[in-house]
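To keep things clear, I will list the structure first and then write my remarks on it.
In this note's numbering, the protein residues as written are 1 to 119.
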């Protein structure tokens, strides 16, 4: 009976998380829908780097950067692909770490036998 209650609770938690994700997606979609520019050449999504550079150039026109980029991607598509690859690798490492921690928690620790010397 306890397993059935735990299973039902897990399903409710998963459904709640999916509903929360859908709600967040819908709110972001509705909130960002009116922010589109009439200018077709303007990018709809600019990163914080671009926004920060524009703000610095507006407030301090004589500012010069301390260093240059080590690698500049040839196009926005390549930059986006590299960012997606970085996110996927990070998610893989994070998922592996969570799995390893869960496996360590659920696996019983091996206790030494009565006659074994721990050293």
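Cβ atoms here follow ideal geometry from the backbone N, Cα and C, with glycine treated the same way.
Quick caveat, the model's predicted, so the values are computed rather than measured.
(request) Please state if the CB of residue 73 and the CB of residue 85 are separated by a distance shorter than 8 Å. (result) Within the chain shown, the letter at position 85 stands for residue 85. Within the chain shown, the letter at position 73 stands for residue 73. Between residue 85 and residue 73, the C-beta gap is not smaller than 8 Å, which leaves the two residues out of contact.
(message) Quick check on DSSP: helix, strand or coil for residue 154?
(response) Coverage of the chain is limited to positions 1 through 119, which leaves residue 154 absent and any answer about it impossible.
(message) I'd like the list of long-range same chain contacts for residue 58, defined as Cβ closer than 6 Å, with 5 residues on each side in sequence excluded.
(response) Counting from 1 along the chain shown, the entry for residue 58 is found at position 58. Cβ within range, chain order: n/a, list empty.
(request) Express the C-alpha separation of residue 13 and residue 52 in angstroms, rounding to a whole number. (result) Taking the first residue of the chain shown as 1, we reach residue 52 at position 52. Taking the first residue of the chain shown as 1, we reach residue 13 at position 13. In this structure, the straight-line span from the alpha carbon of residue 52 to that of residue 13 is close to 39 Å.
(message) Measuring straight from C-alpha to C-alpha, what distance separates residue 20 and residue 26?
(response) The residue labelled residue 20 in the question sits at position 20 within the chain shown. The residue labelled residue 26 in the question sits at position 26 within the chain shown. One C-alpha to the other measures close to 10 Å.
(message) Just verifying my parser: in three-state terms, what is the DSSP assignment at residue 70?
(response) The sequence position of residue 70 within the chain shown is 70, counting from 1. The answer is coil: DSSP assigns residue 70 none of H, G, I, E or B.
(request) Could you tell me the distance, in whole angstroms, from the CA atom of residue 68 to the CA atom of residue 93? (result) As a working note, residue 68 is residue 68 in the chain shown. As a working note, residue 93 is residue 93 in the chain shown. If you take the alpha carbons of residue 68 and residue 93, they lie about 30 Å apart.
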